[in-house]
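Notes to accompany the following structure.
Residue numbers (this note's numbering): 170 to 435.
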């Protein structure tokens, strides 16, 4: 787990993404790739050509100014980093870069009105690549990799795949706890088996089955608060993402209300 991808864009969540990405890069002794993607507007008829040219020129100037502000900070952080510029349809730019990333740092806000639609971006990455998404709140001040990690466990294959990919990160944690809300069906992977798997990677994990507090998401958040977790690891989506309106069910509820960084996989 060495390749960390950061979407750089001058928006409300940029600072939280940057701080989390820097912390992860340092903790994992990795490489931070900063993706600056310039959206190209659709041209509607020949009459709109001049306006499009001006719009693109303005976007390029804004991105150049943003780069000039961010690069000195990156140079002073003591991490390996690179800056990649791309242009086109933003989700496609991010998807192409995410295919060779281990972690992609995005914001967790889900409002459709945001200029940068993080929900769609995260969905695209989770659905079509093996990269994990680290979703952070706009108020996040960093990622405490050496803190406590809570694994929200539902016994699914996607949850197991997420944990397997997160092992290098979990190995850095001060403590790891696996919580399961209620009973699982007979086909689920028991959390005891997960604990055994982690132990063979040198990770000692506490396991606990907790009561459903009326909502799985609420139960997990309460467990994370009680444990003093620094971040949460969980598999995203219970069904095909298009059937769950991009983020649905437990994943959506967690992303909507949880203030902790979340490590998501599919």
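Backbone N, C-alpha and C define an ideal beta-carbon position, used for all residues, glycine too. Note that the coordinates shown come from a computational prediction; the quantities given were computed from them, not determined experimentally.
(request) Please state if the CB of residue 317 and the CB of residue 371 are separated by a distance shorter than 7 Å. (result) Note that the C-beta distance between residue 371 and residue 317 is not below 7 Å.
Would you check if the distance between the CB atom of residue 196 and the CB atom of residue 341 is smaller than 7 Å? In contact: residue 196 and residue 341 (Cβ atoms closer than 7 Å).
Going by beta carbon distance, what residues of the same chain come within less than 8 Å of residue 251, once the five residues before and after it are set aside? When the five nearest sequence neighbours on each side are left out, the beta carbons in the same chain lying within less than 8 Å of the beta carbon of residue 251 are those of 200, 201, 202 and 203, in order along the chain.
**Request:** Look at residue 419 and residue 385 and say whether their C-beta atoms are less than 7 Å apart.
**Result:** Taking 7 Å as the cut-off, the Cβ atoms of residue 419 and residue 385 count as close.
Taking the alpha carbon of residue 323 as the point to measure from, which residue in 307, 294, 306 and 353 has its own alpha carbon closest?
Measuring C-alpha to C-alpha distances from residue 323 to each of 307, 294, 306 and 353 identifies 353 as the nearest.
Next item on the list: Evaluate the contact criterion for the stretch 288–304 versus the stretch 256–268: three or more CB pairs, one atom per stretch, below 8 Å.
Entry: Cβ pair count under 8 Å is three or more, so yes.
- Please classify residue 269: is it buried, with 16 or more other beta-carbons within 10 angstroms of its beta-carbon, or exposed? Around the C-beta of residue 269, fewer than 16 other C-beta atoms lie within 10 Å, and the residue is accordingly described as exposed.
**Q.** 7 Å Cβ shell around residue 189 - same chain, five flanking residues per side excluded
**A.** Cβ within range, chain order: 274, 303, 305, 309, 311, 312 and 430.
| What residue does the beta strand (DSSP E) around residue 319 start on, and which one ends it? | Here the beta strand (DSSP E) through residue 319 covers 317–322.
Along the chain, where does the beta strand (DSSP E) containing residue 169 start, and where does it finish? Because the chain here runs from 170 to 435, residue 169 falls outside it and cannot be looked at.
key: Buried versus exposed, by CB contacts within 10 Å (16 or more), residue 355   = So residue 355 ends up on the exposed side.
*residue 379 bridges to which residues according to DSSP?*
Looking at the DSSP output, residue 379 sits in a beta bridge with 350.
Measuring only the C-alpha atoms, how far is residue 321 from residue 350? The straight-line gap separating the alpha-carbon atoms of residue 321 and residue 350 is approximately 8 Å.
I'd like to confirm the pairing. Which residues does DSSP put opposite residue 196 in its beta bridges?
Paired residues: none, contrary to the question.
Exercise. If residue 272 and residue 300 are in contact, beta carbons under 8 Å, what's the gap, nearest whole angstrom?
Worked result: At roughly 6 Å, the Cβ-Cβ gap stays under 8 Å, so residue 272 and residue 300 are in contact.
_Going by DSSP, what residue range makes up the alpha helix (DSSP H) through residue 368?_
Per DSSP, residue 368 belongs to the alpha helix (DSSP H) from 360–368.
Notebook entry, point to check: For residue 347 versus residue 360, is the C-beta spacing smaller than 7 Å?
Noted result: Yes, they are a contact pair.
- Message: I'd like the list of long-range same chain contacts for residue 376, defined as Cβ closer than 6 Å, with 5 residues on each side in sequence excluded.
- Response: If we look at residue 376 and ignore the five residues flanking it on each side, its Cβ neighbours are 347, 360 and 364.
Subject >> Proximal residues to residue 184 (C-beta, below 7 Å), its chain only, five neighbours per side dropped >> reply: Counting only Cβ-Cβ distances below 7 Å, and skipping sequence neighbours, we find nothing.
Note to self: On the criterion of 16 or more Cβ atoms from any shown chain inside 10 Å, does residue 232 qualify as buried, or is it exposed?
What the structure shows: Label assigned to residue 232: buried.
Secondary structure of residue 422, DSSP reduced to three states
Helix at residue 422.
If you check the beta carbons only, do residue 182 and residue 362 fall under 7 Å apart? Cβ distance not < 7 Å, so residue 182 and residue 362 don't count as in contact.
Per DSSP, residue 253 forms a beta bridge with which residues? DSSP lists 204 as partners of residue 253.
**Item:** Simplified DSSP state of residue 431, which is helix, strand or coil
**Value:** For residue 431, the secondary structure class from DSSP, reduced to helix, strand or coil, is strand.
Where does residue 113 fall in DSSP's three states? Summary: the structure shown does not reach residue 113, with the chain confined to residues 170 through 435, and so no result is reported for it.
Member of 404, 334, 171 and 345 whose CA lies at the smallest distance from the CA of residue 198: Nearest to residue 198 by C-alpha distance, out of 404, 334, 171 and 345, is 171.
- Item | Contact under 7 Å by Cβ, residue 357 with residue 367 | For residue 357 and residue 367, no; Cβs fall outside 7 Å.
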